[in-house]
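Visitor: Below is the structure I would like to discuss, written out as structure tokens.
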Amino acid sequence: MPMATDTQNVDYEADGGCASTPALSVIITTPDCFDTIRSLVGALHAQTAREALELVIVAPAAASIPAAELDGFICWQVVEMPNITSVAQAKAAGIRRARAPVVVLTEDHSFPAPDWAAALIEAHRRGWAVVGPAMCNANPDSYISWADFIIGYGPWFEPPAGGETDELPGHNTSYRRDLLLGCGARLEALLGAEPVLHRQLRASGYRLYLEPAAKTAHLNFTDLARWIPYLFHSARLFAAQRASNWPLSRRALYSAGAPLIPLVRLKRLWPAAMRTQAGFAPRLYAALVFALIIDAAGQCVGYAAGAGPAAQHLAHLEYHRDRRSLHFAPRAAQSQP
-13 MPMATDTQNV
-3 DYEADGGCAS
7 TPALSVIITT
17 PDCFDTIRSL
27 VGALHAQTAR
37 EALELVIVAP
47 AAASIPAAEL
57 DGFICWQVVE
67 MPNITSVAQA
77 KAAGIRRARA
87 PVVVLTEDHS
97 FPAPDWAAAL
107 IEAHRRGWAV
117 VGPAMCNANP
127 DSYISWADFI
137 IGYGPWFEPP
147 AGGETDELPG
157 HNTSYRRDLL
167 LGCGARLEAL
177 LGAEPVLHRQ
187 LRASGYRLYL
197 EPAAKTAHLN
207 FTDLARWIPY
217 LFHSARLFAA
227 QRASNWPLSR
237 RALYSAGAPL
247 IPLVRLKRLW
257 PAAMRTQAGF
267 APRLYAALVF
277 ALIIDAAGQC
287 VGYAAGAGPA
297 AQHLAHLEYH
307 RDRRSLHFAP
317 RAAQSQP
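What the sequence shown shows, in my numbering, is residues -13 to 323, in sequence order.
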């Protein structure tokens, strides 16, 4: 499929040059300025494989990204996108400009351990098409944080061993770049619902691998006022993308069956909930059930009415968790001993 570009919304304004091909391009997005991604870039500076990394930063204004903060990497570039309407849109623009054969998605609130990049690169060298990290909770002192973490990343919560899998952590996984470019104009939509992307890649014969040596610490919501709409809109976006090619009858059937979703998902997530040992089990379990009900409501609407403005709402909720929704200092992920 042909590669799509958004020439009306993307300007390529800053490029640090590249003496040789990087092993891994790190896709970073910010809706405003460098301060939003400063902590993430700091974690990337601490990578043992830093000199093999390219940073691709998508930002509204290239001038807001100080070049001096990007020294030490094999190369970097800033993709200027003045009007970022969704996180997936910004990531797709960065992927299309990346130089490395492998790209990894990041979040401003997910902080990799020092061996993260090296472990991802090595796994791809062994032939895996898609590689995901082990997830850690960066603010484990809140039961809401744990519930949010389990909903989003429970299946990948500090796994004792890696291996081939059907699905990997959204927003934090690495891909062969050619596979993503092969999605053409659908790339942005698929990045908005990565479980759908993973299913399509598996159906095409590509293999997904969970690499426990690649760890990242994820900051989670602690503020109900931001967490509830995030749950609803992310679930709506997922359901809409999953059902994008379904007939109306099948969409109606899944929408009507949405009340069963909490039971199905709770069974899958319960082992991770039991492993948290957070010290506030009753509140954690209640919050988890509540979150699954909100998730089911979002999926019900997504199957019945499509995505609507869900991506735009998520673009406002996704960033600045450290300033607007956290009550505790984040804990960093630790490298494997």
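Just so it is clear, CB atoms sit at the ideal spot from N, CA and C, and this is done for glycine as well.
A quick note: this is a predicted structure, and the numbers were derived from the prediction, not measured.
With which residues is H204 paired in a DSSP beta bridge?
Guide: The residue labelled residue 204 in the question sits at position 218 within the sequence shown. Partner(s): S96, N123.
Visitor: Within the continuous alpha helix (DSSP H) that includes E108, where are the two ends?
Guide: For the purposes of this step, residue 108 is identified with residue 122 of the sequence shown, where counting begins at 1. E108 -> alpha helix (DSSP H) spans 102 to 111.
Visitor: Determine whether the beta carbon atoms of S25 and L106 lie at a separation below 8 Å.
Guide: In the sequence shown, residue 25 corresponds to position 39, counting from 1. In the sequence shown, residue 106 corresponds to position 120, counting from 1. No.
Visitor: At least one CB of chain C closer than 8 Å to the CB of R236: is that the case?
Guide: Note that chain C does not occur in the displayed structure, where there is just one protein chain.
Visitor: Exposed or buried, L246, counting other C-beta atoms within 10 Å across all chains shown (16 or more means buried)?
Guide: Mapped onto the sequence shown, residue 246 falls at position 260. L246 should be labelled exposed.
Visitor: I want to know whether the segment 241 to 259 touches the segment 278 to 288 - three or more CB-CB distances under 8 Å.
Guide: Judged by Cβ distances under 8 Å, the segment 241 to 259 makes contact with the segment 278 to 288, as three or more pairs qualify.
Visitor: Does the contact criterion of 3 or more C-beta pairs under 8 Å hold for the segment 201 to 217 versus the segment 167 to 174?
Guide: Too few Cβ pairs lie closer than 8 Å, so no.
Visitor: Fully enclosed by the segment 48 to 87, which beta strand (DSSP E) runs are 3 residues long or longer?
Guide: Fully enclosed beta strand (DSSP E) runs of 3 or longer: 61 to 66.
Visitor: How far does the alpha helix (DSSP H) with S160 in it extend, from its first residue to its last?
Guide: Translated into positions along the sequence shown, residue 160 becomes position 174. Element bounds for S160: not the alpha helix (DSSP H) but the beta strand (DSSP E), 160 to 162.
Visitor: Whole angstroms is fine: what's the gap from P353's alpha carbon to I81's?
Guide: Only positions -13 to 323 of the chain appear in this structure, which leaves residue 353 out of reach.
Visitor: Can you tell me the Cβ-Cβ gap for I70 and P46, rounded? I've got them flagged as a contact below 8 Å.
Guide: Reading the sequence shown from its first residue, position 84 is the one you call residue 70. Reading the sequence shown from its first residue, position 60 is the one you call residue 46. About 6 Å; that satisfies the 8 Å criterion.
Visitor: Using 8 Å as the cut-off, can you tell me whether the segment 112 to 127 makes contact with the segment 233 to 243, which would need three or more C-beta pairs spanning the two stretches below that distance?
Guide: Taking 8 Å as the limit for Cβ pairs, the verdict is that the segment 233 to 243 does not touch the segment 112 to 127.
Visitor: Using C-beta distances below 7 Å, list every residue in its chain close to A133, excluding the 5 sequence neighbours before and after it, in chain order.
Guide: The residue you call residue 133 lines up with position 147 of the sequence shown. Result list for A133: L270, A273, L274, A277, in chain order.
Visitor: Quick check: what's the CA-CA separation for R310 versus Y192?
Guide: Numbered from its first residue, the sequence shown carries residue 310 at position 324. Numbered from its first residue, the sequence shown carries residue 192 at position 206. In this prediction, R310 scores a pLDDT of 45, lower than 50, which makes its location untrustworthy; the coordinate-derived value is nonetheless stated afterwards. Approximately 39 Å, taken between the alpha carbons.
Visitor: Can you find the residues in the same chain that come closer than 7 Å, C-beta to C-beta, to P155, ignoring five residues on each side of it along the sequence?
Guide: The residue labelled residue 155 in the question sits at position 169 within the sequence shown. Once the five neighbours on either side are set aside, the close Cβ partners of P155 are G118, P119, M121, Y139, W142.
Visitor: Measure the C-alpha to C-alpha separation of L194 and T22 and round it to an integer number of angstroms.
Guide: Working through the sequence shown from its first residue, we reach residue 194 at position 208. Working through the sequence shown from its first residue, we reach residue 22 at position 36. So the alpha carbons of these two residues sit roughly 30 Å apart.
Visitor: Closer than 6 Å by C-beta to A225: which residues in its own chain qualify, once you throw out the five before and the five after it? Chain order, please.
Guide: As a first step, residue 225 is located in the sequence shown; it is residue number 239 there, counting from the start. Answer for A225: Q285, G288, Y289, listed in chain order.
Visitor: Which partner residues of V89 appear in the DSSP bridge assignment?
Guide: Position 103 of the sequence shown, counting from 1, holds the residue named residue 89. Paired residue(s): S11, Y161.
Visitor: Do E93 and H184 have their C-beta atoms closer together than 8 Å?
Guide: The residue given as residue 93 occupies position 107 in the sequence shown. The residue given as residue 184 occupies position 198 in the sequence shown. Not closer than 8 Å, so no.
Visitor: Can A79 and V44 be called in contact, C-beta distance under 8 Å?
Guide: Residue mapping note: residue 79 aligns to position 93 of the sequence shown, counting from 1. Residue mapping note: residue 44 aligns to position 58 of the sequence shown, counting from 1. Yes, they are a contact pair.
Visitor: Would you report the Cα separation of N123 and L10, rounded to the nearest angstrom?
Guide: Translated into positions along the sequence shown, residue 123 becomes position 137. Translated into positions along the sequence shown, residue 10 becomes position 24. Distance between the alpha carbons of N123 and L10: 25 Å.
Visitor: Tell me, please, which residues DSSP counts as bridged to V116.
Guide: In the sequence shown, counting from the first residue as 1, residue 116 sits at position 130. Bridge partners of V116: Y161, L194.
Visitor: If you scan the segment 210 to 250 from start to end, which runs of the alpha helix (DSSP H) of 4 or more residues do you find wholly inside it?
Guide: Whole alpha helix (DSSP H) segments, 4+ residues: 210 to 228, 234 to 242.
Visitor: How far does the beta strand (DSSP E) with G149 in it reach, from first residue to last?
Guide: Taking the first residue of the sequence shown as position 1, residue 149 is located at position 163. Here the beta strand (DSSP E) through G149 covers 149 to 151.
Visitor: With DSSP as the reference, label A32 as helix, strand or coil.
Guide: Start at 1 with the first residue of the sequence shown, and residue 32 comes out as number 46. Three-state DSSP puts A32 in coil, outside helix and strand.
Visitor: Since L300 is in the alpha helix (DSSP H), which residue starts that stretch and which ends it?
Guide: Residue mapping note: residue 300 aligns to position 314 of the sequence shown, counting from 1. Counting along the chain, the alpha helix (DSSP H) containing L300 begins and ends at 296 to 303.
Visitor: For V73, collect the residues of the same chain with a Cβ closer than 7 Å to its Cβ; drop the 5 residues on either side in sequence, then sort them by chain order.
Guide: Here the question's residue 73 lines up with position 87 in the sequence shown. Contacts found: T15, L300, A301, E304.
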